[in-house]
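Let me begin by presenting the structure, written as C-alpha cells, before commenting on it.
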Amino acid sequence: MKTKLILAALVLLLTAACLKHNNPLDPYDNPDIIVPDQVSGVQCFASQAGSANKYVEVRWIANPALNTDGYYVFRGLAYNSDYAVVDTVATNFCNHGSEAWHSVLPGDYWYKVSAFRDVYDGNGNFLGKLEGRRSEPRFIRVPA
Amino acid sequence: MRKTGFTLFFLILASCLLAQIQFDIESFADSTKYGWQDWRGRAAYREDLLNRQEMLQLYEMESSSIGAAILKSALVPGFGQITSKAGTKGTIFLGAELLSLGVSLYLYDRSNYYYNQYLTATQIDDIQQYYSLAQTPRYYSMLFLALGVVIWGYNIYDVILTTDNYNAQVWQDILQKHSKKAVSLGPEGIRVRF
C-alpha cells in the first residue's frame, strides 16, 4: 500500500512536470502541420576569377510542393560556424550576388539550404513559417 | 433601643464562645491523619512540596512548547530544533531544505529559459531540441521540490521527538541540580550537604 502511494505520488509529480506543446508550429500531436523535407543535392558554383561581379550560384533538388512553400539559403565561414540567411527564394535555385543587398567577396564559404512551409490555423490565420531540417553544408571558394 | 443593642452583642458573644467550645483544636492539629507522625513529618512534607513547586516552575521556564516548536519548524525548517538546543540537527535540516529548494528553483529557471526559446522557435530541429532541453530540468526541478517537501515533513516529525527529548533532558537536569544542592533552607533551619 505504501509503495503504491509513493509510486502514485511520483507518477503524479512527473505528469505535472510535463510541459505543454504550446508552440503553434510544433507538429507534435498536430497532424495538420506538415514538416518540409530536408533539402538534398546542394551544389555551389562561384563566379570566375577576375570577374567584376562576384556571385555564388546555389542549386538543389526541389522538394514536393505539398510540403514546401520556399527555401532559405544560409552562408557560413566554416563548416561548424554560425550560419546566416543570405536569401529567401521560392525555387530550387539562388544566385547569391545578383541583388544589390547581396555581399559576396573573394574567400571561402559554406552554404546550406532549408525548406519552409507557411502554417495556418483552422480559420486561415497565418501562424508562421515552419522551417525543415537544413542540408549538409557545401564548400565553395570565390576567387579574387 | 440601647437595650436591644446590648442583647444582640451578648448573643453574638455567646455564640462565638459556644463555637470555640465545640471546635476540637486537638483533632484539627492532629497531623497523623495525613500520615505524618509528628510536626517533623509535616515539615518534611512541606519542604518536599515547595521543592516540587520550585522544580516545576523551573521546568515551565526552561522547557519548550511542542506546538510552538512545530510552528517554528513549519515556517523555517530546523528552527524548532535549534530552539530545542539541537543546533546541528536544525542546521542540517535548514541547509538541506535550502539546498533542495534552491536547486529546484535554479532548474525551474533553466527550464523556463529553454521553454521560452521553444515557444519562439520556427525550425523543426530547434523546436524539438528546445522542448527536450526544457523538459529535462523541469522533471528534476519537480523531483527536488518533492525532496524539499519530504524534508519539510520529516523536519516536522523530528521536531516533535527533539522537543520531547529536550524537555525530558530539562527535567532530568533540574532533578540533578536539586539533588546536588549543597545548602538548602527549610523550616528546620539551614541544611548543608557535603
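Going down the list, the protein sequences come from chains D and W.
Position 46 of the first sequence, counting from 1, maps to 30 under our numbering, and the rest follow consecutively.
Position 101 of the second sequence, counting from 1, maps to 275 under our numbering, and the rest follow consecutively.
We treat Cβ as the ideally placed atom computed from N, Cα and C, and that holds for glycine.
Of the residues W:Ile266, W:Ser189, W:Ile199, W:Arg312, the one whose Cα lies closest to the Cα of Tyr282 of chain W is W:Arg312. Of the candidates D:Arg117, D:Asp92, D:Pro90, D:His86, D:Arg117 places its Cα closest to the Cα of Arg101 of chain D. For Leu111 of chain D, the uninterrupted beta strand (DSSP E) run begins and ends at 110 to 115, by DSSP. Taking a 10 Å sphere around the C-beta of Arg125 of chain D, we find fewer than 16 other C-beta atoms and assign the residue as exposed.
Using a CB distance cut-off of 8 Å, Ile301 of chain W counts as an interface residue toward chain D. Put simply, the stretch 6 to 20 of chain D does not touch the stretch 58 to 70 of chain D. Fewer than three CB pairs are less than 8 Å apart. Within the stretch 35 to 106 of chain D, the beta strand (DSSP E) runs of at least 3 residues that lie entirely inside it are, in chain order, 40 to 43, 54 to 60, 68 to 73, 77 to 80, 91 to 104. Burial check for Glu120 of chain D: the Cβ neighbour count within 10 Å stays below 16, so the residue is exposed. Contact check for Ala128 of chain D and Ala33 of chain D: beta-carbon distance about 7 Å, within the 8 Å limit, so the pair qualifies.
Counting along the chain, Ala30 of chain D sits inside no alpha helix (DSSP H); it lies in the beta strand (DSSP E) bounded by residues 27 to 30.
Of the residues D:Gly106, D:Ile(-10), D:Leu(-11), D:Phe77, the one whose Cα lies closest to the Cα of Tyr95 of chain D is D:Phe77. Using a C-beta cut-off of 8 Å, the stretch 314 to 329 of chain W makes no contact with the stretch 26 to 42 of chain D, since fewer than three inter-stretch Cβ pairs fall below that distance. Inclusion of Lys113 of chain D and Thr294 of chain W in the CB contact set at 8 Å is not warranted, their separation being larger than that value. Counting the other Cβ atoms within 10 Å of the Cβ of Gly269 of chain W gives fewer than 16, which makes it exposed. If you draw a 10 Å sphere on the C-beta of Ser258 of chain W, you find 16 or more other C-beta atoms in it, and that means buried. Of all residues in the stretch -12 to 4 of chain D, only Leu(-3), Leu(-2), Ala0, Ala1, Leu3 place a beta-carbon less than 7 Å from a beta-carbon of chain W. DSSP places Val344 of chain W within a helical segment (H, G or I) once states are collapsed to three. Per DSSP, the beta-bridge partners of Val126 of chain D are D:Gly91. Annotation: Cβ neighbours of Ala308 of chain W in chain D (cutoff 9 Å, chain order): Leu3.
Residues of the same chain with a CB within less than 6 Å of the CB of Gly60 of chain D, apart from the 5 flanking positions on each side, are Tyr67, Trp94 in chain order. Residues of the stretch 274 to 299 of chain W with a C-beta less than 7 Å from any C-beta of chain D: Tyr289, Tyr292, Leu293, Ala295, Thr296, Gln297, Ile298, Asp299, listed in chain order. Burial state of Lys177 of chain W is exposed, judged by a 10 Å Cβ sphere holding fewer than 16 other Cβ atoms. For Asn225 of chain W, the uninterrupted alpha helix (DSSP H) run begins and ends at 213 to 236, by DSSP.
Between Leu319 of chain W and Ser285 of chain W, the gap from beta carbon to beta carbon reaches 8 Å or more.
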